[in-house]
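*Asks:* Sharing a structure with you now.
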Amino acid sequence: MDTPRVTGHREALRRLRLVMAGSGSAEERLAEIVRIIAAEMSAEVCSIYVLRVGDILELFATQGLNPDSVHVTRLQVGEGLVGTIALTAEPLNLPDAQQHPDFSYRPETGEEAFSSLLGVPVVRGGRVRGVLVIQHRDQRTYSDEEAEALEIIATVIAELIASGDLVKEDDRYLAGDGLAFRSGRMAGVSVNEGFAVGEAVLHAPNISIRQIFADDIDVEHERLRDAMTAMHTALDELLSSSSLHGAGEHQDVLDTYRRFARDRGWLRRIREGIDSGLTADTAVQQVREDTVARMRRVSDPYIRERLTDLEDIATRLMLHLGGEVLNRDLPDDIVLVARNLGPAELLDYDSSRLRGLVTEDGTATSHVSIIARALGIPVVGKVDGVMRNVDTGDRIIVDGDNAQVFVRPSEDIEAHMTETLRAREQRRSLYASMRGLKTVTRDHVDISLNINCGILADMQWLEETGADGVGLYRTEIPFMVRSEFPDLAQQTRIYREVLERADGKPVYFRTLDIGGDKQLPYLDANDDPNPALGWRSIRVGLDRPGMLRQQLRAMLHAAAGRDLYVMFPMIAEVAEFKKALRVLEMERARMGRHIAEPPAKLFVGAMLEVPGLVWQLDALLPLTDFLSIGSNDLFQFMFATDRGNPRVSDRYDVLSPGMFAVIRDVVGRCYSAGVPVSLCGEMAGRPIEAMSLLGLGIRSLSLSPSLFGAVKAMTLTVNTEELRAYIDTLMTAPDHSLRRKLSAYAHDHGVVLES
Ligand code: PEP
Ligand code: MG
Numbered sequence: 001m002d003t004p005r006v007t008g009h010r011e012a013l014r015r016l017r018l019v020m021a022g023s024g025s026a027e028e029r030l031a032e033i034v035r036i037i038a039a040e041m042s043a044e045v046c047s048i049y050v051l052r053v054g055d056i057l058e059l060f061a062t063q064g065l066n067p068d069s070v071h072v073t074r075l076q077v078g079e080g081l082v083g084t085i086a087l088t089a090e091p092l093n094l095p096d097a098q099q100h101p102d103f104s105y106r107p108e109t110g111e112e113a114f115s116s117l118l119g120v121p122v123v124r125g126g127r128v129r130g131v132l133v134i135q136h137r138d139q140r141t142y143s144d145e146e147a148e149a150l151e152i153i154a155t156v157i158a159e160l161i162a163s164g165d166l167v168k169e170d171d172r173y174l175a176g177d178g179l180a181f182r183s184g185r186m187a188g189v190s191v192n193e194g195f196a197v198g199e200a201v202l203h204a205p206n207i208s209i210r211q212i213f214a215d216d217i218d219v220e221h222e223r224l225r226d227a228m229t230a231m232h233t234a235l236d237e238l239l240s241s242s243s244l245h246g247a248g249e250h251q252d253v254l255d256t257y258r259r260f261a262r263d264r265g266w267l268r269r270i271r272e273g274i275d276s277g278l279t280a281d282t283a284v285q286q287v288r289e290d291t292v293a294r295m296r297r298v299s300d301p302y303i304r305e306r307l308t309d310l311e312d313i314a315t316r317l318m319l320h321l322g323g324e325v326l327n328r329d330l331p332d333d334i335v336l337v338a339r340n341l342g343p344a345e346l347l348d349y350d351s352s353r354l355r356g357l358v359t360e361d362g363t364a365t366s367h368v369s370i371i372a373r374a375l376g377i378p379v380v381g382k383v384d385g386v387m388r389n390v391d392t393g394d395r396i397i398v399d400g401d402n403a404q405v406f407v408r409p410s411e412d413i414e415a416h417m418t419e420t421l422r423a424r425e426q427r428r429s430l431y432a433s434m435r436g437l438k439t440v441t442r443d444h445v446d447i448s449l450n451i452n453c454g455i456l457a458d459m460q461w462l463e464e465t466g467a468d469g470v471g472l473y474r475t476e477i478p479f480m481v482r483s484e485f486p487d488l489a490q491q492t493r494i495y496r497e498v499l500e501r502a503d504g505k506p507v508y509f510r511t512l513d514i515g516g517d518k519q520l521p522y523l524d525a526n527d528d529p530n531p532a533l534g535w536r537s538i539r540v541g542l543d544r545p546g547m548l549r550q551q552l553r554a555m556l557h558a559a560a561g562r563d564l565y566v567m568f569p570m571i572a573e574v575a576e577f578k579k580a581l582r583v584l585e586m587e588r589a590r591m592g593r594h595i596a597e598p599p600a601k602l603f604v605g606a607m608l609e610v611p612g613l614v615w616q617l618d619a620l621l622p623l624t625d626f627l628s629i630g631s632n633d634l635f636q637f638m639f640a641t642d643r644g645n646p647r648v649s650d651r652y653d654v655l656s657p658g659m660f661a662v663i664r665d666v667v668g669r670c671y672s673a674g675v676p677v678s679l680c681g682e683m684a685g686r687p688i689e690a691m692s693l694l695g696l697g698i699r700s701l702s703l704s705p706s707l708f709g710a711v712k713a714m715t716l717t718v719n720t721e722e723l724r725a726y727i728d729t730l731m732t733a734p735d736h737s738l739r740r741k742l743s744a745y746a747h748d749h750g751v752v753l754e755s
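Going by this note's numbering, the letters in the sequence shown line up with residues 1 to 755, in that order.
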């Protein structure tokens with residue numbers, strides 16, 4: 001069972017499991033369960049309401065309320081506090097429950113004596129099956145830990161209710177199917193773009209444990225050893241036979257995973273569990289639950305990833321110990337829904353049927369996201385509560401572009417979305433047919449369109465889109481998926497592979513942009529109060545020159561005989577750029593002494609992301625071979641608006657006179673200095689923004705590969721000279737946003753703006 005454990009309530013859970021595994025009718029067990037919970041949580045009342053057909057919640061067991069009210073007290077879903085908990089599927093924590101507007105008085109229960117109430121929904125498979133409540137006489141606010149413990153206990157009860165024993169067929173009422181949550185849209189973050197429609201498959205391996213305590217400890221150790229061996233063999237097979245061939249960061253992820261499967265500390269803890277009298281299965285389960293509980297407390301994304309891997313491996317090990325997995329009858333269009341899952345778990349699913357992935361936890365750099373990206377499926381991460389809201393078999397739409405999922409969509413929504421998907425496919429083939437066309441505007445201006453890449457698997461898009469090159473290669477991912485710094489050979493191998501796949505097209509390697517929210521565990525712990533403005537990016541590189549040198553050395557070696565483009569991120573002043581240049585020069589000189597083959601040509605540039613640099617361009621440009629505008633950070637700093645905070649990130653518009661003034665000024669200075677300038681932030685991938693950039697004089701863009709076709713279609717239909725003249729008239733407008741005006745312009749002038 002997927003039950004996170006809370007320290008301090010282990011005993012309650014242990015006793016509950018014993019009851020669950022014991023004999024006696026389901027009702028007797030339920031009665032025993034409320035007694036245990038009341039005792040363990042020092043509650044004066046503990047009651048369980050079970051959902052019956054007709055959306056009725058019936059009191060099935062109580063400790064503390066009038067025993068005669070069992071099977072007598074019934075509430076409609078939505079009625080009273082219990083009904084509200086079932087309806088909203090949200091807990092209620094009330095110091096004075098009777099003052100709550102939804103309180104409904106049931107005299108037969110005798111509950112008027114109790115003031116405080118903590119109630120949680122009993123949820124299984126995305127459906128509410130009942131409600132679990134504790135009450136106290138005094139007015140108290142239950143702690144977060146108590147609330148969490150009750151939720152965990154509710155998951156144990158959910159198993160009992162779902163077993164079907166509780167309500168017999170000849171009973172007066174049949175058990176309800178459970179209350180499906182409302183259909184609707186759930187928002188998350190976009191981890192991988194794209195769009196998919198399919199059937200939800202909940203990734204919650206439901207493993208049953210047959211025996212809790214060991215009959216013979218030696219036998220259990222032996223079972224563990226055998227299961228470990230079988231698991232390693234099976235894992236090696238799975239990882240080598242998966243559909244992901246060839247080198248790439250995804251291989252690093254899988255290697256790291258393999259190492260974790262051999263983690264000694266983890267194994268030791270399982271052995272200790274066996275020594276204390278548990279069966280191997282229970283010991284693994286206990287360590288797995290520990291992992292989940294720890295995961296909940298850790299905010300560091302890197303460590304969360306490690307723990308996810310360990311949890312995944314524990315599940316796998318339990319299967320090898322003979323546990324049974326339910327729900328393996330999978331549909332043809334799988335949309336996998338998971339709290340988070342390890343990379344190998346994703347590969348367990350048939351990739352030809354896998355359409356999309358939705359996670360409660362995962363971020364763009366989580367291991368599974370990297371694998372999902374390599375498989376080319378859309379992923380929406382950080383969808384809060386999705387596991388509770390979705391059941392296996394539900395229709396679900398994953399919209400990776402707009403960071404949203406639609407659960408059990410109405411026919412209208414599904415038809416609309418399917419139509420969008422079809423139209424998108426049509427546009428894709430249209431864009432594919434434009435692949436061979438020269439990227440030139442209506443007024444015959446050549447535009448360079450490039451793609452942004454972050455992992456090796458992205459390099460395939462260079463060929464598919466027909467892009468001119470890779471305008472931004474974010475190098476940080478291999479650093480984030482490892483447990484130690486990748487060494488020179490590993491880095492060289494990655495950069496060489498990138499250059500080989502680029503096949504002569506330019507690749508602009510950006511040096512490490514870590515720090516802030518992208519922590520590496522093997523680097524000094526960083527608790528910057530304001531990470532975006534903290535110790536990040538080139539600041540880290542200059543303070544740890546050994547690290548920067550090693551990366552530059554790897555790039556120089558990898559380039560051997562080919563052109564190399566290096567750009568330094570987050571440059572805030574000229575002196576900083578000069579320091580970074582010196583490090584590069586040192587490495588170049590060192591290379592000369594070691595008679596390694598140098599790059600054919602070396603181009604060095606800066607990213608313009610810090611507004612202060614705009615006023616130093618006259619001094620900077622003579623030192624650079626190119627300038628790349630990182631509009632994501634530039635915008636966040638110009639408008640003092642955190643790009644990662646949805647409350648403010650959309651407050652201002654990049655299509656505004658202030659942003660235009662800066663970009664036009666930068667472009668003008670670069671032209672005067674004869675330094676090529678491009679833009680590689682998200683702006684470049686949105687057709688209307690990209691159009692505006694061409695009107696502001698930008699001639700080179702670098703964007704996400706999935707948006708390439710749309711931006712190319714815009715480029716082929718715009719007249720930059722006419723647009724420039726129009727934008728000139730907008731520069732002094734007092735508008736918050738120029739979006740409507742620019743969109744009207746595009747419409748009137750036949751500029752294609754579709755994504
Ligand atoms: C940017 O800031 O615009 C940029 C391209 O860099 P990143 O999004 O990786 O910070
Ligand atoms: Mg940036």
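The C-beta atom is built at its ideal place from N, Cα and C for all residues, glycine as well.
Quick check on DSSP: helix, strand or coil for Phe181?
*Replies:* Since pLDDT at Phe181 reaches only 48, below the 50 mark, its modelled position is unreliable, and the value read off the structure follows with that caveat. The answer is coil: DSSP assigns Phe181 none of H, G, I, E or B.
*Asks:* Kindly list the residues whose CB is nearer than 8 Å to the CB of Leu59, restricted to its own chain and excluding five residues on each side of it in sequence; keep chain order.
*Replies:* Ser47, Ile48, Tyr49, Leu65, Ser69, Val70, His71, Val72, Thr73, Arg74 and Thr109
*Asks:* Helix or strand or just coil, what does DSSP make of Cys680?
*Replies:* coil
*Asks:* Check whether the Cβ atoms of Glu90 and Leu118 sit closer than 8 Å, and answer yes or no.
*Replies:* no
*Asks:* Give the DSSP-derived three-state secondary structure of Glu58 in the structure shown.
*Replies:* strand
*Asks:* How would you call Trp615, buried or exposed, if buried means at least 16 neighbouring beta carbons within 10 angstroms?
*Replies:* exposed
*Asks:* Using only CA atoms, which one of Ala746, Arg223 and Arg288 lies nearest to Ala690?
*Replies:* Ala746
*Asks:* Can you tell which of Ala374, Gly83 and Leu357 has the C-alpha that lies nearest to the C-alpha of Val383?
*Replies:* Leu357
*Asks:* Measure the CB-CB distance between Ile756 and Thr439 and report whether it falls below 8 Å.
*Replies:* No answer is possible for residue 756: it lies beyond the span of the chain, which begins at 1 and ends at 755.
*Asks:* Just curious, the alpha helix (DSSP H) that Ala26 is in, first and last residue?
*Replies:* Ala26 to Glu40
*Asks:* Where does Val123 sit, in a helix, a strand or coil, going by DSSP?
*Replies:* strand
*Asks:* Check whether the Cβ atoms of Ile134 and Leu150 lie closer than 8 Å to each other.
*Replies:* yes
*Asks:* Cβ of Arg474 versus every heavy atom of the ligand PEP: is any distance shorter than 7 Å?
*Replies:* yes
*Asks:* In whole angstroms, what is the alpha-carbon distance linking Ser351 and Phe485?
*Replies:* 31 Å
*Asks:* Over what stretch of residues does the alpha helix (DSSP H) that includes Ser537 continue unbroken?
*Replies:* No alpha helix (DSSP H) contains Ser537, which DSSP labels as neither H nor E.
*Asks:* Per DSSP, which one or two residues make a beta bridge with Gln135?
*Replies:* Val45 and Leu117
*Asks:* Helix, strand or coil: which one does DSSP assign to Ser190?
*Replies:* In this structure, Ser190 counts as strand in the three-state DSSP scheme.
*Asks:* Hey, would you say Leu696 sits closer than 8 Å to Arg664, going by beta carbons?
*Replies:* yes
*Asks:* Given that a residue counts as buried once 16 or more other Cβ atoms are within 10 Å of its Cβ, and exposed if not, what is Ala261?
*Replies:* buried
*Asks:* Just to confirm my understanding: we take Phe213, look at its own chain, exclude 5 residues before and 5 after, and list those with CB closer than 7 Å. What are they?
*Replies:* Gly277, Leu278 and Thr279
*Asks:* Between which two residues does the beta strand (DSSP E) containing Gln76 stretch?
*Replies:* Arg74 to Gln76
*Asks:* For the ligand MG, any of its heavy atoms closer than 7 Å to the Cβ of Pro611?
*Replies:* Relative to the ligand MG, the beta carbon of Pro611 is positioned no closer than 7 Å to any heavy atom.
*Asks:* So what's Asn452 in DSSP terms, helix, strand or just coil?
*Replies:* The three-state reading of DSSP puts Asn452 in strand, counting E and B together.
*Asks:* From which residue to which residue does the beta strand (DSSP E) around Thr465 run?
*Replies:* Going by DSSP, Thr465 is part of no beta strand (DSSP E) but of the alpha helix (DSSP H) stretching over Gln460 to Thr465.
*Asks:* Starting from Tyr349, trace the beta strand (DSSP E) in both directions and tell me its first and last residue.
*Replies:* Per DSSP, Tyr349 belongs to no beta strand (DSSP E) and is neither H nor E.
*Asks:* Would you mind reading off the limits of the alpha helix (DSSP H) that contains Met480?
*Replies:* Ile477 to Met480
*Asks:* Kindly provide the ranges of any alpha helix (DSSP H) runs that are 4 or more residues long and lie completely inside the segment 578-628, ordered along the chain.
*Replies:* 617-620
*Asks:* Just the Cα atoms here: how many angstroms apart are Arg316 and Asp348?
*Replies:* 11 Å
*Asks:* In whole angstroms, what is the alpha-carbon distance linking Ala234 and Val540?
*Replies:* 41 Å
*Asks:* What are the residues that DSSP puts in a beta bridge with Met567?
*Replies:* Bridge partners of Met567: Arg510 and Gly605.
*Asks:* Would you call the CB atoms of Thr141 and Asn192 closer than 8 Å?
*Replies:* no
*Asks:* On the DSSP bridge assignment, give the partners of Glu199 in chain order.
*Replies:* Partner residues in the beta bridge of Glu199, as assigned by DSSP, are Ile334 and Arg395.
*Asks:* Going by DSSP, what residues sit across from Phe406 in a beta bridge?
*Replies:* Arg185 and Ile397
*Asks:* Does Thr732 come out as helix, strand or coil in the three-state DSSP assignment?
*Replies:* coil
*Asks:* Near Gly669, which residues of its chain fall below 8 Å by C-beta distance, leaving aside the five closest residues on each side in sequence?
*Replies:* Looking at the sequence itself, residue 669 is Arg, so the reference to Gly does not match. Excluding five sequence positions before and after Arg669, the CB atoms of its chain that fall closer than 8 Å to its own CB belong to Leu617, Asp618 and Leu621, given in chain order.
*Asks:* Identify whether Asp281 lies in helix, strand or coil by the three-state DSSP scheme.
*Replies:* helix
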